[in-house]
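Residue numbers (the numbering used here): 906 to 1101. Quick reminder that beta carbons are idealized off the backbone N, C-alpha and C, glycines included. Structure first, commentary second.
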Amino acid sequence: MNLVKKISTIVVIAAISISCDGKKKEAETTDAATDTTQVVADTTKVETATTIVDVAAGNPDFSTLVAAVKAAGLVETLSSEGPFTVFAPTNAAFEKLPAGTVDGLLKPESLEKLKGLLTYHVVAGKFDAAAVTEAITKGKGKFTVTTVQGGKIDLGLKDGKVTLTDANGKTSTVVIADVAASNGVIHAIDSVVMPK
(Lines of atoms letter the chains of each structure in order from A and count residues from 1; the text may use other names and numbers.)
(Lines give C-alpha, C1' and ligand atoms only; values in the text may rest on other atoms or scores of the structure.)
Protein backbone atom coordinates (compact mmCIF):
# COMPACT_ATOMS: atom_id res chain seq x y z
CA MET A 1 0.00 0.00 0.00
CA ASN A 2 2.89 2.36 0.83
CA LEU A 3 4.33 1.72 -2.63
CA VAL A 4 1.01 2.69 -4.26
CA LYS A 5 0.92 5.94 -2.23
CA LYS A 6 4.52 6.77 -3.23
CA ILE A 7 3.77 6.13 -6.90
CA SER A 8 0.61 8.24 -6.69
CA THR A 9 2.56 11.07 -5.06
CA ILE A 10 5.23 10.94 -7.80
CA VAL A 11 2.54 11.00 -10.51
CA VAL A 12 0.83 14.03 -8.93
CA ILE A 13 4.16 15.89 -8.60
CA ALA A 14 5.03 15.06 -12.21
CA ALA A 15 1.63 16.29 -13.40
CA ILE A 16 2.04 19.59 -11.55
CA SER A 17 5.57 19.99 -12.92
CA ILE A 18 4.42 19.35 -16.49
CA SER A 19 1.58 21.85 -16.12
CA CYS A 20 3.98 24.50 -14.86
CA ASP A 21 6.46 23.99 -17.69
CA GLY A 22 3.78 24.40 -20.36
CA LYS A 23 2.36 22.27 -23.13
CA LYS A 24 5.62 22.06 -25.10
CA LYS A 25 7.33 20.14 -22.32
CA GLU A 26 4.28 17.84 -22.04
CA ALA A 27 4.55 16.96 -25.73
CA GLU A 28 8.28 16.21 -25.37
CA THR A 29 7.59 13.91 -22.39
CA THR A 30 4.92 12.03 -24.37
CA ASP A 31 7.26 11.59 -27.33
CA ALA A 32 10.02 10.27 -25.08
CA ALA A 33 7.64 7.72 -23.53
CA THR A 34 6.61 6.53 -26.99
CA ASP A 35 10.23 6.07 -28.09
CA THR A 36 11.03 4.00 -24.98
CA THR A 37 8.11 1.67 -25.72
CA GLN A 38 9.31 1.16 -29.29
CA VAL A 39 12.81 0.14 -28.16
CA VAL A 40 11.35 -2.50 -25.84
CA ALA A 41 9.19 -3.92 -28.66
CA ASP A 42 12.20 -4.17 -31.01
CA THR A 43 14.26 -5.99 -28.37
CA THR A 44 11.52 -8.60 -27.99
CA LYS A 45 11.48 -9.21 -31.76
CA VAL A 46 15.21 -9.93 -31.89
CA GLU A 47 14.97 -12.57 -29.15
CA THR A 48 12.42 -14.73 -31.00
CA ALA A 49 14.59 -16.78 -33.40
CA THR A 50 13.02 -19.56 -35.44
CA THR A 51 15.35 -22.55 -35.55
CA ILE A 52 15.23 -25.50 -37.92
CA VAL A 53 13.29 -27.47 -35.31
CA ASP A 54 10.80 -24.60 -34.82
CA VAL A 55 10.22 -24.31 -38.57
CA ALA A 56 9.73 -28.07 -38.97
CA ALA A 57 7.42 -28.25 -35.94
CA GLY A 58 5.31 -25.45 -37.43
CA ASN A 59 4.71 -27.38 -40.66
CA PRO A 60 2.29 -30.35 -40.52
CA ASP A 61 4.11 -32.00 -43.47
CA PHE A 62 7.10 -32.62 -41.18
CA SER A 63 5.25 -34.13 -38.18
CA THR A 64 6.88 -37.58 -38.61
CA LEU A 65 10.33 -36.00 -38.88
CA VAL A 66 9.74 -33.88 -35.77
CA ALA A 67 8.56 -36.95 -33.81
CA ALA A 68 11.72 -38.79 -34.90
CA VAL A 69 13.98 -35.85 -33.98
CA LYS A 70 12.40 -35.73 -30.51
CA ALA A 71 12.68 -39.51 -30.05
CA ALA A 72 16.36 -39.38 -31.05
CA GLY A 73 17.09 -36.53 -28.62
CA LEU A 74 18.31 -34.26 -31.42
CA VAL A 75 16.11 -31.23 -30.71
CA GLU A 76 18.86 -29.38 -28.83
CA THR A 77 21.46 -30.17 -31.50
CA LEU A 78 19.27 -28.95 -34.37
CA SER A 79 18.30 -25.87 -32.35
CA SER A 80 21.93 -24.91 -31.76
CA GLU A 81 23.74 -22.14 -33.61
CA GLY A 82 24.73 -24.24 -36.64
CA PRO A 83 24.45 -23.37 -39.41
CA PHE A 84 22.98 -26.57 -40.83
CA THR A 85 21.45 -27.64 -44.10
CA VAL A 86 18.71 -30.20 -43.51
CA PHE A 87 17.34 -32.37 -46.30
CA ALA A 88 14.02 -32.99 -44.55
CA PRO A 89 11.85 -35.93 -45.58
CA THR A 90 8.16 -35.06 -45.66
CA ASN A 91 5.52 -37.29 -44.08
CA ALA A 92 4.86 -38.70 -47.57
CA ALA A 93 8.57 -39.61 -47.84
CA PHE A 94 8.41 -41.59 -44.59
CA GLU A 95 5.24 -43.34 -45.83
CA LYS A 96 7.25 -44.75 -48.76
CA LEU A 97 9.36 -46.81 -46.34
CA PRO A 98 8.36 -50.45 -45.81
CA ALA A 99 5.51 -50.94 -43.33
CA GLY A 100 6.64 -50.82 -39.71
CA THR A 101 10.00 -49.12 -40.45
CA VAL A 102 9.16 -45.81 -38.75
CA ASP A 103 7.57 -47.53 -35.73
CA GLY A 104 10.64 -49.76 -35.41
CA LEU A 105 13.00 -46.76 -35.56
CA LEU A 106 11.07 -44.96 -32.82
CA LYS A 107 11.61 -47.81 -30.33
CA PRO A 108 14.21 -47.16 -27.58
CA GLU A 109 16.39 -50.05 -28.71
CA SER A 110 16.73 -48.41 -32.16
CA LEU A 111 17.97 -45.07 -30.81
CA GLU A 112 21.45 -45.19 -32.39
CA LYS A 113 20.08 -46.31 -35.75
CA LEU A 114 17.49 -43.50 -35.66
CA LYS A 115 20.17 -40.91 -34.78
CA GLY A 116 22.33 -42.18 -37.65
CA LEU A 117 19.45 -41.99 -40.10
CA LEU A 118 18.44 -38.47 -39.07
CA THR A 119 21.97 -37.04 -38.98
CA TYR A 120 22.52 -38.54 -42.46
CA HIS A 121 20.00 -35.90 -43.63
CA VAL A 122 22.01 -33.02 -42.09
CA VAL A 123 25.03 -31.23 -43.52
CA ALA A 124 27.14 -28.76 -41.53
CA GLY A 125 27.01 -25.31 -43.15
CA LYS A 126 24.31 -23.39 -44.96
CA PHE A 127 23.78 -24.45 -48.57
CA ASP A 128 20.86 -22.68 -50.21
CA ALA A 129 19.55 -23.85 -53.58
CA ALA A 130 21.70 -21.37 -55.52
CA ALA A 131 24.90 -22.53 -53.76
CA VAL A 132 24.02 -26.20 -54.30
CA THR A 133 23.23 -25.66 -57.99
CA GLU A 134 26.47 -23.72 -58.48
CA ALA A 135 28.50 -26.48 -56.77
CA ILE A 136 26.82 -29.17 -58.90
CA THR A 137 27.59 -27.18 -62.06
CA LYS A 138 31.24 -26.65 -61.03
CA GLY A 139 31.47 -30.38 -60.21
CA LYS A 140 30.31 -31.24 -63.74
CA GLY A 141 26.95 -32.57 -62.61
CA LYS A 142 27.79 -33.84 -59.12
CA PHE A 143 28.47 -32.31 -55.70
CA THR A 144 29.30 -34.74 -52.90
CA VAL A 145 28.57 -33.63 -49.34
CA THR A 146 29.62 -35.25 -46.09
CA THR A 147 26.74 -35.50 -43.62
CA VAL A 148 26.83 -34.98 -39.87
CA GLN A 149 26.46 -38.78 -39.59
CA GLY A 150 29.73 -39.14 -41.49
CA GLY A 151 28.36 -40.69 -44.67
CA LYS A 152 28.27 -39.09 -48.09
CA ILE A 153 25.43 -38.01 -50.36
CA ASP A 154 25.83 -37.07 -54.03
CA LEU A 155 23.80 -34.06 -55.12
CA GLY A 156 22.87 -33.66 -58.78
CA LEU A 157 20.32 -32.01 -61.05
CA LYS A 158 17.47 -33.65 -62.93
CA ASP A 159 14.82 -31.67 -64.80
CA GLY A 160 15.97 -28.52 -63.02
CA LYS A 161 15.54 -30.01 -59.53
CA VAL A 162 18.23 -31.01 -57.04
CA THR A 163 18.46 -34.75 -56.45
CA LEU A 164 20.19 -36.70 -53.70
CA THR A 165 21.75 -40.12 -54.24
CA ASP A 166 22.42 -41.97 -50.99
CA ALA A 167 25.13 -44.50 -50.13
CA ASN A 168 22.90 -47.31 -51.44
CA GLY A 169 22.27 -45.69 -54.84
CA LYS A 170 18.67 -44.66 -54.08
CA THR A 171 17.57 -41.18 -55.06
CA SER A 172 15.40 -38.45 -53.63
CA THR A 173 14.32 -35.11 -55.07
CA VAL A 174 14.13 -31.71 -53.41
CA VAL A 175 10.46 -30.72 -53.66
CA ILE A 176 10.66 -27.45 -51.68
CA ALA A 177 13.94 -25.54 -51.45
CA ASP A 178 15.22 -22.77 -49.22
CA VAL A 179 12.94 -22.88 -46.20
CA ALA A 180 14.83 -20.37 -44.06
CA ALA A 181 15.60 -20.79 -40.36
CA SER A 182 17.75 -18.75 -37.98
CA ASN A 183 20.38 -21.50 -37.83
CA GLY A 184 20.36 -22.75 -41.41
CA VAL A 185 18.13 -23.87 -44.23
CA ILE A 186 15.72 -26.73 -44.91
CA HIS A 187 15.13 -28.45 -48.24
CA ALA A 188 12.10 -30.78 -48.23
CA ILE A 189 12.72 -34.09 -50.00
CA ASP A 190 10.31 -36.70 -51.34
CA SER A 191 12.11 -39.86 -50.13
CA VAL A 192 14.14 -40.83 -47.08
CA VAL A 193 17.84 -41.28 -47.89
CA MET A 194 19.64 -44.12 -46.16
CA PRO A 195 23.22 -44.49 -44.95
CA LYS A 196 25.13 -47.76 -45.46
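Item                                                                                                            : Value
Three CB pairs or more closer than 8 Å across the segment 980-997 and the segment 1026-1039                     : yes
Run of the beta strand (DSSP E) containing Ser1077, from where it starts to where it stops                      : 1076-1086
Ser1096 classed as buried or exposed, judged by whether at least 16 other C-beta atoms fall within 10 angstroms : buried
Inter-residue Cα distance where the pair is Leu1011 and Val1053                                                 : 20 Å
Residue(s) in a DSSP beta bridge with Asp1059                                                                   : Thr1049, Thr1070
Integer-rounded CB distance, given that Ile1094 should sit under 8 Å from Ala998                                : 6 Å
Best match in Val1084, Val1080, Gly1061, Lys1057 for proximity to Asp1071 [C-alpha to C-alpha]                  : Lys1057
Test item: CB-CB of Leu1062 and Thr1078 under 8 Å                                                               : no
Endpoints, beta strand (DSSP E) assigned at Phe992                                                              : 989-994
Span of the alpha helix (DSSP H) around Gly1089                                                                 : Premise fails: Gly1089 lies in the beta strand (DSSP E), 1089-1094, not in any alpha helix (DSSP H).
Of the residues Ala973, Lys1018, Val980, Ser968, the one placed nearest Thr956, counting alpha carbons only     : Val980
Straight-line gap, Met1116 to Leu1022 (C-alpha atoms, nearest Å)                                                : This structure gives no information on residue 1116, because the portion of the chain shown stretches from 906 to 1101.
Buried or exposed by the 16-neighbour rule on C-beta atoms within 10 Å, applied to Ile1091                      : buried
Proximity of Leu970 and Ala961 at Cβ, strictly below 8 Å                                                        : yes
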